[in-house]
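Start counting at 1 in the sequence shown, then tack on 32, and there's your number in my numbering. Worksheet: one structure, shown below.
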Amino acid sequence: MKVSPFAGKPAEPSKLVNVPKLITAYYTEIPDPSVPEQRVTFGTSGHRGSAFQKAFNEWHILAISQAICLYRRQQKIDGPMFLGMDTHALSMPAFASALEVLAANGVDVMIAEDDEYTPTPVVSHAILTYNRGRKTGLADGVV
Numbered sequence: 033m034k035v036s037p038f039a040g041k042p043a044e045p046s047k048l049v050n051v052p053k054l055i056t057a058y059y060t061e062i063p064d065p066s067v068p069e070q071r072v073t074f075g076t077s078g079h080r081g082s083a084f085q086k087a088f089n090e091w092h093i094l095a096i097s098q099a100i101c102l103y104r105r106q107q108k109i110d111g112p113m114f115l116g117m118d119t120h121a122l123s124m125p126a127f128a129s130a131l132e133v134l135a136a137n138g139v140d141v142m143i144a145e146d147d148e149y150t151p152t153p154v155v156s157h158a159i160l161t162y163n164r165g166r167k168t169g170l171a172d173g174v175v
């Protein structure tokens with residue numbers, strides 16, 4: 033494997049993402065569903081995209097969260113949902129958007145105290161611990 037010449041060195045300012053601008057794009061850019069690159073897409077690690085390209089923004093998270101609520105209702109999933117967030121720049125805004133939809137749909141949402149980061153392995157562990165020994169009211173989760 034080729035090693036990047038930038039490996040082990042501080043990033044140049046021109047290579048850094050403008051996080052305030054990225055968060056603004058998350059809330060203000062409106063995707064066009066007729067443009068395939070702006071639609072919700074899932075990879076092996078979930079929904080991916082960039083707010084700058086209208087491929088990951090609040091519209092996407094609201095739609096995904098509502099779809100999760102509809103699925104839970106159809107499948108009669110009535111246990112709590114563990115909602116996590118990681119250290120990505122848009123994780124906190126996405127967390128807030130998802131929480132709003134889940135709460136509006138009456139989902140019992142479990143979140144970490146003090147807005148602590150809760151990456152996927154932490155959420156998975158919390159779900160397994162909660163569900164241990166239960167037959168009904170099983171929990172699920174999303175990050």
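Idealized CB from N, CA, C, for every residue including glycine.
Backbone CA spacing between residue 137 and residue 171 [nearest angstrom]: If you number the sequence shown from 1, residue 137 lands on position 105. If you number the sequence shown from 1, residue 171 lands on position 139. Roughly 16 Å separates the two Cα atoms.
Below 8 Å between beta carbons: does that hold for residue 57 and residue 84? Within the sequence shown, residue 57 is the residue found at index 25, counting from 1. Within the sequence shown, residue 84 is the residue found at index 52, counting from 1. It is a contact, given that the beta carbons lie within the stated cut-off.
Select from 94, 101, 41, 40 the residue whose C-alpha is nearest the C-alpha of residue 113. Position 81 of the sequence shown holds residue 113. Nearest option by C-alpha distance: 101.
Where does residue 157 fall in DSSP's three states? Working through the sequence shown from its first residue, we reach residue 157 at position 125. If DSSP states are grouped into helix, strand and coil, residue 157 belongs with the helices.
According to the Cβ coordinates, are residue 111 and residue 155 closer than 8 Å? As a working note, residue 111 is residue 79 in the sequence shown. As a working note, residue 155 is residue 123 in the sequence shown. No; because the gap between Cβ atoms is not below 8 Å, this pair is not in contact.
Assuming residue 152 and residue 133 form a contact by the criterion Cβ under 8 Å, report the distance between their Cβ atoms to the nearest whole angstrom. Here residue 152 is taken as the residue at index 120 of the sequence shown, counted from 1. Here residue 133 is taken as the residue at index 101 of the sequence shown, counted from 1. That belief does not hold up - the Cβ atoms of residue 152 and residue 133 are roughly 20 Å apart, past 8 Å.
Residue 122 vs residue 48 beta-carbon contact at 8 Å: Counting from one through the sequence shown, the residue named residue 122 turns up at place 90. Counting from one through the sequence shown, the residue named residue 48 turns up at place 16. Cβ distance not < 8 Å, so residue 122 and residue 48 don't count as in contact.
Find out if the Cβ-Cβ distance for the pair residue 169, residue 159 is shorter than 8 Å. By one-based count along the sequence shown, residue 169 stands at place 137. By one-based count along the sequence shown, residue 159 stands at place 127. No, the pair does not count as a contact, with Cβ atoms beyond the cut-off.
Length at least 4, wholly inside the segment 80-112: the alpha helix (DSSP H) runs in chain order: As far as the segment 80-112 is concerned, its whole alpha helix (DSSP H) runs of at least 4 residues are 90-106.
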